[in-house]
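Student: Got a structure here, written out as structure tokens. Questions coming.
Chains as they are written, first to last, in our numbering: chain W, 1 to 403; chain L, 404 to 806.
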């Protein structure tokens with residue numbers, strides 16, 4: 001039995017409240033040998049107090065050494081093994097730009113490309129066409145119609161866009177039309193299993209309707225489709241944990257993953273911790289569990305902006321007393337993965353974890369919320385999928401296993 | 404390959420002796436923020452010396468966040484994954500009161516209840532009838548007979564009793580007769596698979612014979628049966644580890660689990676550490692592995708008696724020099740789970756682990772046997788199922804894997 005199944009079989013309900021505060025890309029690295037990480041350098045009096053009172057640890061996002069994208073990393077935090085429950089590329093792309101993918105929909109990622117007069121691909125990424133040039137093309141493609149289904153499109157970035165086809169009975173087991181090399185014509189959409197034949201045929205009809213619209217465009221006169229995928233049918237928080245769960249996140253990608261696991265998505269007006277806090281407040285009464293997502297830690301990390309990431313952490317720390325005033329029973333503070341400013345990218349390093357649950361936490365020797373204290377913390381080094389069982393246990397929402 | 408299978412494939416024999424000393428419910432919590440746990444508060448000069456010389460760590464009983472019963476928690480200590488090898492409720496109840504369950508037997512847990520003149524259940528627990536009132540009823544039920552099988556009964560507590568039916572060819576895949584609600588008649592015992600039909604029929608015959616005996620009893624005029632289960636056929640220590648293993652435990656439940664994994668159960672005269680030590684002495688010559696079980700740490704924890712739990716630990720510490728005089732090659736001191744006096748219940752918190760094996764242990768920086776030192780100990784945080792491979796390795800009883 002998986003940990004998820006075990007947790008589900010033991011989940012009970014009560015009146016406790018759990019907050020999972022995720023600073024995206026929280027884990028970091030010192031800029032110089034012997035230096036401090038972004039989190040260690042930050043002035044965080046409240047997080048340090050919670051670290052002294054509670055228990056620290058560090059989580060491994062997916063597997064040791066594996067650098068995760070934000071989608072898999074968040075699934076793991078929600079207790080779902082991202083290796084067992086992969087979300088298709090098309091669905092991730094669609095959620096990333098706020099396009100919902102329902103139970104009977106099929107999403108795909110589109111790449112603009114160029115083809116010669118014989119239809120052979122000359123550049124699979126259309127010279128990495130700029131966002132400014134690509135956006136109008138996506139808008140024009142919206143005119144392509146297929147009877148019986150609805151097709152929704154949204155631009156992502158540069159040569160990439162997302163497409164979702166909606167209609168009854170669509171299944172997504174369809175091979176990419178991208179042939180992965182130049183000098184050949186794009187493949188037709190081809191069903192890999194009989195159940196997906198209808199969707200493949202409709203996608204081919206849509207490609208045939210869309211192609212003429214681009215024909216005269218010099219920058220990108222064709223496109224390919226990849227990562228056909230449907231609703232991953234993830235376990236929902238209400239069933240798995242018997243939790244009424246809400247999401248306070250501003251970015252579509254995180255709102256998307258949260259809604260895939262059944263969270264109520266709250267309105268968040270901007271990227272500031274204050275806006276996240278306001279969303280938490282409005283969700284408080286009607287929910288048992290609130291996932292709060294803070295994006296700029298990751299963005300500054302990706303930009304190599306150590307000070308910006310440090311400052312974001314300090315802003316979150318300053319917001320915490322107001323969050324604590326709501327009196328959560330269990331507060332977990334962590335990240336989905338590390339994004340060290342020094343590396344300017346996601347990384348595989350374990351992520352600091354703070355557990356504060358005054359009724360049941362076991363204090364360790366930690367006095368600061370930072371990588372070095374977390375490494376020696378009382379929770380040890382855990383897989384990220386252990387975060388939810390831990391939250392449930394401290395919320396007293398798990399029955400005893402066996403006699 | 405599971406850890407158990409790998410360990411089995413590498414197990415060898417020699418003359419070393421292993422002692423696994425389990426203080427039930429050992430892990431604790433401070434009563435006040437910043438305070439000490441029961442184990443940390445205890446004056447334990449010998450355990451502290453062993454901690455300084457040896458290596459500490461902490462074990463996760465079943466999975467992170469999961470609070471185990473004593474049965475599953477002990478299975479894990481014995482190297483058997485309790486999620487993969489669940490022991491049925493009836494068997495646990497039977498072992499708990501010292502009723503053996505053999506390979507062809509089917510055990511069940513009985514609950515006294517009350518029924519009205521139409522046979523409809525009016526109280527599923529017979530008003531939680533007292534032990535004093537229930538014991539004579541169990542004795543009277545002993546008169547019910549079924550040709551071809553033997554039925555043995557024993558009272559457990561209040562409205563609960565255990566029943567074991569012994570005879571050839573009995574299988575336990577039988578649904579509960581307890582309908583889980585008042586206002587209906589108890590179900591008949593119903594086989595869920597063909598192989599269990601004979602046992603279900605015999606149980607129904609026994610119920611029919613037993614029912615009239617209770618008919619005139621005002622306190623409890625009927626009973627239901629739950630958790631039909633047979634011998635879980637657990638891997639035996641002699642096969643898995645090539646160890647001659649003995650159990651020094653006073654309580655039936657622990658003696659039962661130990662005998663299910665093939666340990667020789669020793670006579671233990673009372674609950675004191677001294678009585679356990681006497682049992683260890685008498686088992687010493689003929690065994691390679693001795694499991695010593697100390698119950699009062701858990702009982703005091705359940706009672707919320709911090710000082711009582713602390714004192715029990717001190718008594719165990721005082722007994723250790725005599726145990727060490729026997730010259731074990733490997734001594735492991737741990738608990739099956741945590742029972743913080745503050746929570747008055749089992750909990751999911753990791754459990755302190757001390758490994759002392761002078762020929763091979765790797766000293767860490769620990770100087771005290773307590774939660775905080777264990778959290779930072781050299782063994783890290785381990786699943787409880789790693790305790791036996793660790794014991795076997797330090798006893799030099801595991802061959803090298805691969806060339």
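Beta carbons: idealized from backbone N, C-alpha and C, even for Gly.
1. Determine whether the beta carbon atoms of residue 527 of chain L and residue 512 of chain L lie at a separation below 7 Å.
2. Using a cut-off of 7 Å between C-beta atoms, extract the partners of residue 53 of chain W located in chain L.
3. Taking residue 557 of chain L as the query, report the chain W residues whose CB atoms sit under 9 Å from its CB, ordered along the chain.
4. Ignore the nearest five residues each way along the sequence and tell me which others in residue 481 of chain L's own chain have a CB closer than 7 Å to its CB.
5. Give me the Cα-Cα distance between residue 802 of chain L and residue 796 of chain L, rounded to the nearest whole angstrom.
6. Measure the Cβ-Cβ separation of residue 456 of chain L and residue 559 of chain L and say whether it is below 7 Å.
7. Could you compute how far the alpha carbon of residue 74 of chain W sits from the alpha carbon of residue 380 of chain W?
8. In terms of DSSP beta bridges, what is residue 526 of chain L paired with?
9. Less than 8 Å between C-beta atoms, sequence neighbours within five positions excluded: which residues of the same chain meet that for residue 684 of chain L?
10. When burial is assigned at 16 or more other CB atoms within 10 Å of the CB, is residue 295 of chain W buried or exposed?
11. Can you give me the Cβ contacts of residue 196 of chain W inside the same chain, cut-off strictly under 7 Å, excluding the 5 residues immediately before and after it?
12. Using the rule of at least 16 other Cβ atoms within 10 Å of the residue's Cβ for burial, across every protein chain shown, is residue 347 of chain W buried or exposed?
13. Which two residues bound the contiguous beta strand (DSSP E) that contains residue 150 of chain W?
14. One question on the structure: do residue 686 of chain L and residue 653 of chain L come within less than 7 Å of each other, judged by their Cβ atoms?
15. Are the C-beta of residue 12 of chain W and some C-beta of chain L separated by less than 7 Å?
16. Verify the CB distance criterion: does residue 488 of chain L have a CB-CB separation below 7 Å to chain W?
17. What residues of chain W sit near residue 432 of chain L, judged by a beta carbon separation below 9 Å?
18. Return no unless some Cβ of chain L is closer than 7 Å to the Cβ of residue 325 of chain W.
19. Can you tell me where the beta strand (DSSP E) holding residue 222 of chain W begins and where it ends?
20. Of all the CB atoms in chain L, is at least one closer than 7 Å to the CB of residue 389 of chain W?
21. With DSSP run on the structure shown, which of helix, strand or coil describes residue 356 of chain W?
22. Would you check if the distance between the CB atom of residue 339 of chain W and the CB atom of residue 308 of chain W is smaller than 7 Å?
23. Taking residue 473 of chain L as the reference, which of L:805, L:785 and L:657 has the closest Cα?
24. Using a Cβ-Cβ distance under 7 Å, would residue 778 of chain L count as near chain W?
25. Could you tell me the distance, in whole angstroms, from the CA atom of residue 580 of chain L to the CA atom of residue 522 of chain L?
26. DSSP three-state label for residue 293 of chain W, please.
27. Which bits of chain L does residue 3 of chain W rub up against, with CB to CB less than 7 Å?
28. I'd like to know whether the C-beta of residue 400 of chain W is nearer than 7 Å to at least one C-beta of chain L.
29. Can you say whether residue 775 of chain L is buried or exposed, counting buried as having 16 or more other CB atoms within 10 angstroms of its CB?
30. Would you list, in sequence order, the uninterrupted alpha helix (DSSP H) runs of no fewer than 4 residues that lie entirely inside the stretch 735–791 of chain L?
31. Applying the criterion that 16 or more other CB atoms from any shown protein chain within 10 Å of the CB defines a buried residue, is residue 642 of chain L buried or exposed?
32. I'd like the list of long-range same chain contacts for residue 413 of chain L, defined as Cβ closer than 7 Å, with 5 residues on each side in sequence excluded.
33. Give the residues from the stretch 746–759 of chain L that approach chain W closer than 9 Å (Cβ to any Cβ), ordered along the chain.
34. So, for residue 315 of chain W: in the same chain, excluding its five sequence neighbours on each side, which residues have a beta-carbon less than 6 Å away from its beta-carbon?
35. Is the distance from the Cβ of residue 204 of chain W to the Cβ of residue 189 of chain W below 7 Å?
36. Within its chain, find whatever has a CB closer than 7 Å to the CB of residue 661 of chain L; leave out the 5 residues flanking it on each side and keep chain order.
Tutor: Once the coordinates are examined:
1. Residue numbering aside, residue 527 of chain L sits at position 124 when the second chain is read from its first letter. Residue numbering aside, residue 512 of chain L sits at position 109 when the second chain is read from its first letter. Not in contact: residue 527 of chain L and residue 512 of chain L (Cβ atoms no closer than 7 Å).
2. On the first chain, position 53 is the one that residue 53 of chain W refers to. By Cβ distance, chain L contributes 436.
3. Taking the first residue of the second chain as 1, we reach residue 557 of chain L at position 154. None at all; the shortest Cβ gap to chain W is about 16 Å.
4. For this step, residue 481 of chain L is matched to residue 78 along the second chain. Cβ neighbours of residue 481 of chain L beyond the five flanking positions: 664 and 791.
5. As a position in the second chain, residue 802 of chain L is number 399, starting the count at 1. As a position in the second chain, residue 796 of chain L is number 393, starting the count at 1. The straight-line gap from Cα to Cα measures roughly 8 Å.
6. Residue mapping note: residue 456 of chain L aligns to position 53 of the second chain, counting from 1. Residue mapping note: residue 559 of chain L aligns to position 156 of the second chain, counting from 1. It is not a contact, given that the beta carbons lie outside the stated cut-off.
7. If you number the first chain from 1, residue 74 of chain W lands on position 74. If you number the first chain from 1, residue 380 of chain W lands on position 380. Each residue's Cα considered, the two are about 20 Å apart.
8. Your numbering for residue 526 of chain L matches position 123 in the second chain. According to DSSP, which records beta bridges pairwise, residue 526 of chain L is partnered with L:517.
9. Reading the second chain from its first residue, position 281 is the one you call residue 684 of chain L. Here the set comprises 729.
10. What you label residue 295 of chain W is simply residue 295 of the first chain in a count that begins at 1. With 16 or more other Cβ atoms within 10 Å, it is buried.
11. If you number the first chain from 1, residue 196 of chain W lands on position 196. Counting only Cβ-Cβ distances below 7 Å, and skipping sequence neighbours, we find 171, 172, 173 and 174.
12. Here residue 347 of chain W is taken as the residue at index 347 of the first chain, counted from 1. Looking at its Cβ environment, which holds 16 or more other Cβ atoms inside 10 Å, residue 347 of chain W is buried.
13. As a first step, residue 150 of chain W must be located in the first chain, where it is residue number 150. Taken as a continuous stretch (DSSP letters only), the beta strand (DSSP E) holding residue 150 of chain W covers 150–157.
14. Taking the first residue of the second chain as 1, we reach residue 686 of chain L at position 283. Taking the first residue of the second chain as 1, we reach residue 653 of chain L at position 250. Cβ distance not < 7 Å, so residue 686 of chain L and residue 653 of chain L don't count as in contact.
15. For the purposes of this step, residue 12 of chain W is taken as residue 12 along the first chain, with counting starting at 1. No, residue 12 of chain W lies away from the interface with chain L (no Cβ there is under 7 Å from its Cβ).
16. On the second chain, residue 488 of chain L is found 85 positions in, with the first residue counted as 1. False, the Cβ-Cβ gap to chain W never drops below 7 Å.
17. Counting from one through the second chain, the residue named residue 432 of chain L turns up at place 29. Within chain W, the residues near residue 432 of chain L are 360, 361, 362 and 363.
18. For the purposes of this step, residue 325 of chain W is taken as the residue at position 325 of the first chain. Residue 325 of chain W does not count as touching chain L.
19. One-based indexing of the first chain puts residue 222 of chain W at position 222. Note, residue 222 of chain W: beta strand (DSSP E), 222–229.
20. For the purposes of this step, residue 389 of chain W is taken as the residue at position 389 of the first chain. True, the Cβ-Cβ gap to chain L drops below 7 Å.
21. Taking the first residue of the first chain as position 1, residue 356 of chain W is located at position 356. In the structure shown, residue 356 of chain W sits in a strand (DSSP, three-state: E or B).
22. Within the first chain, residue 339 of chain W is the residue found at index 339, counting from 1. Within the first chain, residue 308 of chain W is the residue found at index 308, counting from 1. No; because the gap between Cβ atoms is not below 7 Å, this pair is not in contact.
23. The residue given as residue 473 of chain L occupies position 70 in the second chain. Comparing Cα positions, the closest option is L:657.
24. Taking the second chain and counting its residues from 1, the one referred to as residue 778 of chain L is at position 375. Output row for residue 778 of chain L: interface = yes.
25. Taking the first residue of the second chain as position 1, residue 580 of chain L is located at position 177. Taking the first residue of the second chain as position 1, residue 522 of chain L is located at position 119. Roughly 13 Å separates the two Cα atoms.
26. Within the first chain, numbered from 1, the residue matching residue 293 of chain W stands at position 293. If DSSP states are grouped into helix, strand and coil, residue 293 of chain W belongs with the strands.
27. Stepping through the first chain from its first residue, residue 3 of chain W is reached at position 3. The contacting residues are 466.
28. Residue mapping note: residue 400 of chain W aligns to position 400 of the first chain, counting from 1. Yes, because at least one Cβ of chain L sits closer than 7 Å to the Cβ of residue 400 of chain W.
29. Stepping through the second chain from its first residue, residue 775 of chain L is reached at position 372. Buried, because 16 or more other Cβ atoms sit within 10 Å of the Cβ of residue 775 of chain L.
30. 774–778
31. Position 239 of the second chain, counting from 1, holds the residue named residue 642 of chain L. Burial call: exposed.
32. Along the second chain, read from residue 1 onward, the residue named residue 413 of chain L stands at position 10. So the list reads 801, 802 and 804, once near-sequence residues are dropped.
33. 746, 748, 749, 750, 751, 752 and 753
34. In the first chain, counting from the first residue as 1, residue 315 of chain W sits at position 315. Counting only Cβ-Cβ distances below 6 Å, and skipping sequence neighbours, we find 273.
35. Against the first chain, residue 204 of chain W aligns to sequence position 204. Against the first chain, residue 189 of chain W aligns to sequence position 189. The answer is yes: Cβ separation under 7 Å.
36. As a working note, residue 661 of chain L is residue 258 in the second chain. Hits under 7 Å: 650, 652, 668 and 694.
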